[in-house]
Amino acid sequence: MAHLELNPDRVLPSDPTVRPLAREIYASVKDLPIISPHGHVPAQWLADDEPFGDPTSLLLTPDHYVNRLLHASGVSLADLGVGQSTFTPEQARAAFRHLCTHWTVFRGTPVRFWFESELAEIFGIDLMPSADTADEIYDAIAAQLVTPAFRPRALYDRFGIEFIATTDDPCDDLASHAKLAADPTWTGTVAPTFRPDKYLEPAAAGWNDLIDRLGEVSGVDTGSYAGWLAAMENRRAFFKANGAVSTDHSHRDARIEPIDDAEADRLYALARAGRISAAEADTLRRNFMFAQARMAADDGLVMTLHPAVYRNHHTPTFDTYGADVGCDIPMAVEYTNALQPVLAAFGTSPGFHLVPFTIDETVYSRELAPLAGFYPSVFVGVPWWFIDAPEAMARFRGAITETAGFTRTSGFIDDTRAYLSIPARHDLSRRVDSGYLAKLVGEHRLTLDEALEAAHELVVGNPKRAFKL
Amino acid sequence: MAHLELNPDRVLPSDPTVRPLAREIYASVKDLPIISPHGHVPAQWLADDEPFGDPTSLLLTPDHYVNRLLHASGVSLADLGVGQSTFTPEQARAAFRHLCTHWTVFRGTPVRFWFESELAEIFGIDLMPSADTADEIYDAIAAQLVTPAFRPRALYDRFGIEFIATTDDPCDDLASHAKLAADPTWTGTVAPTFRPDKYLEPAAAGWNDLIDRLGEVSGVDTGSYAGWLAAMENRRAFFKANGAVSTDHSHRDARIEPIDDAEADRLYALARAGRISAAEADTLRRNFMFAQARMAADDGLVMTLHPAVYRNHHTPTFDTYGADVGCDIPMAVEYTNALQPVLAAFGTSPGFHLVPFTIDETVYSRELAPLAGFYPSVFVGVPWWFIDAPEAMARFRGAITETAGFTRTSGFIDDTRAYLSIPARHDLSRRVDSGYLAKLVGEHRLTLDEALEAAHELVVGNPKRAFKL
Amino acid sequence: MAHLELNPDRVLPSDPTVRPLAREIYASVKDLPIISPHGHVPAQWLADDEPFGDPTSLLLTPDHYVNRLLHASGVSLADLGVGQSTFTPEQARAAFRHLCTHWTVFRGTPVRFWFESELAEIFGIDLMPSADTADEIYDAIAAQLVTPAFRPRALYDRFGIEFIATTDDPCDDLASHAKLAADPTWTGTVAPTFRPDKYLEPAAAGWNDLIDRLGEVSGVDTGSYAGWLAAMENRRAFFKANGAVSTDHSHRDARIEPIDDAEADRLYALARAGRISAAEADTLRRNFMFAQARMAADDGLVMTLHPAVYRNHHTPTFDTYGADVGCDIPMAVEYTNALQPVLAAFGTSPGFHLVPFTIDETVYSRELAPLAGFYPSVFVGVPWWFIDAPEAMARFRGAITETAGFTRTSGFIDDTRAYLSIPARHDLSRRVDSGYLAKLVGEHRLTLDEALEAAHELVVGNPKRAFKL
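Keeping their order, the protein sequence lines are chains D, U and G. If you count the first sequence from 1, you need to add 155 to reach the numbering used here. If you count the second sequence from 1, you need to add 155 to reach the numbering used here. If you count the third sequence from 1, you need to add 155 to reach the numbering used here.
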């Protein structure tokens, strides 16, 4: 059985000139607290602080980063527990065995880095996953998950988390957030994030029901466009009162563009009547986004954009298992034209912050760095999802820094539902950024002192500045 | 006269930490057999096993990789023998002199690596090409080409080829393949590849004649769309019976999309009547492609895509010299939307394999790695044509691996008509992949044992898995 | 106060195998003369040879490369002197203090390299810019600017400039160029560049006035399209007679496409009547560009393209401060289709040279290298504007060289209005190219002798060949 041992220098550059510099820079930031301004961990976990279930339901089934490559390798999603209302302990163990048996397919991926970090650093396991070690690893994790040290709050402390954000429906009552706020034994910070996507897609199935519900929850009549605006302002205020610092938006394209009120009224009425066309719905959605931006300039909630993903690309998988199971595929994105109207309107407004993310790396040097290099409101979002990985993160710095420097970027965003992977994800980011900075020192483009200062800023200063923490 | 000497470490990373690792990984794969699932070497060469002609007609005239940069440097294609029905020995020698005289323009290109490898390793020549050495090199090559050791079959053995595929018209009788199959003295494998491009472009000049001929050869009446389908199935079956493992497709875009049969009937009738519009022809072609995919899911022939090249960009050159002479220019490609319908239909079908290639590197991290990281049917094609080069190949691994790992890629494809360059092309790929793996070891992202295993898989396992060998 | 000291090896690769090679290659080119075939330094400076003003008006206010990141960091453009008709000495000093106070935001950007090079190498200042050092640096620069050694001509000599081009309106009388030509004490070369953009945008405000003026200046009636052509030919001839070697063009897209004369007549008449639509104006502009290309094939002026920038993206900034103040944002560009008509027409014409630049890096390997690798008329422009930076320049070589080698590129272009930054810009380019070449030597892809030769060519041979100097 292969031994699992994490090299302390992993992911740092191999160049013998740069390695010791990277080691020193990384050492200076590795133990800094974790700031996580955007993610998907449920607040309820921390509010209720119940023990986690079995290893599979915690680490495997809900994590589409892991499932997708297993699916590509011939394992069915059902066998991994996806979409299964009942999943026996034997099935859960078998699912975990699939993961370990196929462990070699993750070579070269960040999943491997994250998961092995979790095994070694959280669970103290020194076995490499394989068919031979699957059961032993499974048992070792399971045995620890039932102990108090592995409850959500204990891990929050152990992970050194200082701030974490959840992602929430505008109609959510944020009960878990309120429960935490009211709990004198809780000393952390869990902020909600306003995620109104579904309420901005007037041609999508169920939109009218959602808007009805929005009316009920906000106590505002959403029969008119003006009502929609008022209801949104109402819910944003509610989120802000419950600690929210940002709103998050993921649509097919990045376009944000106003239409005049009369046209908005007309399209809104069409949509409420269920008679809006796809093209009109796009127009209305882009106007809804402009309205969100206007509200952001007013209430100061930071606006993050995660556009241009083809959701549920494999229709049969969506029909069987639903959304978020690994078949969302990125598309090309365009920002320069798409954001012109909103930045002409709010780009220099003191209250407005916009953090655009992309999986289309071509926009980093071409569009996002130039935008963030001029607009005080724009902070380039770090690599997200598929490209939250060592080489992609290094390419990001290489593409952004020469135009926008270090200060105009968002700080690391883990964006994860995999709670136990959070330390490893932040650690990986710190390693990569340390390596990038060390390379600049090795090329005499920065002094070591400057690099140490920049590294600290990337971990602490940037997320606080971009997300107004 | 400059001496030509190949450094054994050429193209391996210079980093002193990584170099010895790369050397060890490369040493473990350098002598593995060559598997070449897609290329353009004529089967007739191996069937007839006649000696090659002069150096120019073998190495220069037919190789647009070489000609194009000479053309850009002011040498006319005619002087290189392109499109010349007669070309005297003096002209052939002069053409070769052009190549050697302009040898410096190839600095930094893979043509240089390939050609110098051929000179040194196949012909044992130790002179650097230049105006001064042109004739001596020419004579040294010519003297060897007439010897038995330089006949096609002898080179096949010497090169260590295990499998090679040709590219063939659907109406081809595959006589050379049959001759080889019937020859007890032949122990290699030369598989045909079904390349139906011209039969799928209903607005192109000559399409109706081709479809008539398809009807004759298949014995199926191609007067109707149903007939086209039956004729295609017939020819695919014929190719498969003659050893084909794949079909290859190169159109302006990657879109594959079905239309209903009535609409297909209507457009097909229009096309047969010579009255189809350009837009309708695109629609019909994308439906033809969908039909090919459906057949692939049935008969199991692997589908490879090579889209988005502007063919014959310089019209006057095409008018004078015809196609494939060096003025095809790549364009941007889109895969996420374009492949959605076909992957929704066949993406998880057990018999279906799709290998998309691209010269537009932007789709590697954005689209192809995510697609291959979910769909068990999709294997990312390695860099092709212009980007079959060391740094581009390293960028490919850097863009693909973090999302799709190593197992979801196609294995190296030489795609060449330059028979003598095949060993050098595969060697270059092995060097680059070894260097990439060594870097991961140097950064403690892989162990050396894992890298050795992955390197072997890339050369042997991946092409066998992707192409079902 | 931090000491400013330039490391002699700055920006050279850190890899210990490559560093000494890079040092040797760089040493061989660092002192070669500067050839600057495209830029924005006013000829009047050299013609009149007056002392420069204060440090801010020379180094800060007119340089949007510097201003933009200060603006993003919260400094108003007005405080930097932009668009201010009066700016007191106190304001100038305060502006410079803003720059120094925010110096850390430039970490990792080429602005830092250029500016610190200017401080140390031109002014002999050994203080790192900061709030503490701002005044001392300001005074040290101011004290030197009034001395004879810092007059434009003295600096021209000290910088080792051999050739420099300005950028001029077609109606410009080129008086300063003529003055220089007539001055026996002047031994340098300052060539005008024909920049007709505004005369090719028939829907833009003021176009008709410009065309009227073009008629007056050329003495040709511009009432008809034929008149426009004749007037353009007239002014191109005037520029050529005054030493111009090239024309420069920057439009929203790269399309160059002819229409027939009757249609051109019709659209031209519409435009002159102020009734042309936006779409028709694009058509006419692309035809105007085709006409410029035809003239270029005739008169031999090299055509440079700088397309696909969204000018004045932040409308309120444009309304207040005008153009060229830092809010131009790049867009995606397409060249393969866009240039097909013009290259089919003139791509192999002996007199025609086309140098396409891009800020969209995706076209380097996909489109520009293949184009320059076939067409003798096409030379790939080096990275421009936002990507005139070390890592971007290295990516450029990595993307271009494997397809087009070294000979098919333009040589370095500084494109700057910042006269004092010219040596640093060329120096940075030489460092990066030396590093790239050294890497090839370190990987045994070039010999050191070949790299030395290539480095010299990039600095001397390429610009002379591309720009016919």
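C-beta atoms are modelled at their ideal positions from N, C-alpha and C, and glycine is treated no differently.
What whole-angstrom Cβ distance do residue i and residue j have, given they're in contact under 8 Å?
i      : j      : result
D/Q199 : G/Y465 : At roughly 45 Å, the Cβ-Cβ gap does not stay under 8 Å, so D/Q199 and G/Y465 are not in contact.
U/I366 : U/W383 : 7 Å
G/F534 : G/T564 : 6 Å
D/H193 : D/D570 : 6 Å
D/Y591 : D/A621 : That pair is no contact at about 19 Å.
G/R427 : G/N363 : 6 Å
D/A346 : D/G398 : 4 Å
According to DSSP, what are the bridge partners of residue i?
i      : result
D/Y574 : In DSSP, D/Y574 forms no bridge with anything.
U/V464 : U/P485
U/L282 : U/H158
U/T348 : U/S401
D/P511 : D/L460
D/D323 : D/F349
D/I296 : Answer is none; D/I296 lacks a bridge partner.
U/T564 : U/V535
U/F318 : U/I190
Which residues in the same chain have their Cβ closer than 7 Å to the Cβ of residue i, if we skip the five residues on either side of it in sequence?
i      : result
D/A297 : D209, P210
D/Y293 : P210, R248, F251
G/D403 : H193, T322, T348, R350, T459, H461
U/E273 : L575, S576, A579
U/K594 : P168, V173
Quick one: what's got a C-beta closer than 8 Å to residue i's C-beta in the same chain, skipping five residues either side?
i      : result
G/F561 : A609, E612, L613, N617
G/L225 : L235, H253, L254, H257, V260
D/S285 : M156, A157, C255, T256, W258
G/L498 : L509, L526, Y530, S532, V533
D/Y311 : L201, I319, G343
D/D515 : A463, P485, M486, A487, V488
D/T517 : A487
If you check the beta carbons only, do residue i and residue j fall under 7 Å apart?
i      : j      : result
U/I112 : U/M444 : Lying before the first or after the last residue shown, residue 112 of chain U is absent from chain U, which here runs from 156 to 624.
U/V480 : U/H195 : no
G/A452 : G/F507 : yes
G/F242 : G/L300 : no
D/D106 : D/L159 : Chain D is shown from 156 up to 624; residue 106 of chain D falls before or after that span and cannot be answered.
D/G390 : D/S373 : One detail in the question is off: residue 390 of chain D reads as Arg in this sequence, not Gly. In this structure, D/S373 lies closer than 7 Å to D/R390 by Cβ.
G/A358 : G/I431 : yes
Considering just the uninterrupted stretch of the beta strand (DSSP E) at residue i, what are its terminal residues?
i      : result
G/S191 : 189-191
For residue i, which residues in the same chain have their Cβ closer than 6 Å to its Cβ, ignoring the five residues on either side in sequence?
i      : result
D/G315 : P188, I189
U/S520 : A554
G/V596 : L176, L603, A606
U/H469 : C482
U/T438 : none
Output the boundary residues of the alpha helix (DSSP H) element that contains residue i.
i      : result
D/L274 : No alpha helix (DSSP H) contains D/L274, which DSSP labels as neither H nor E.
U/L439 : 433-454
D/D474 : 470-476
D/A530 : In the sequence as displayed, the identity of residue 530 of chain D is Tyr instead of Ala. Element bounds for D/Y530: n/a, residue is neither H nor E.
D/H226 : 219-227
G/Q246 : 244-256
G/R391 : 380-396
D/V497 : 495-501
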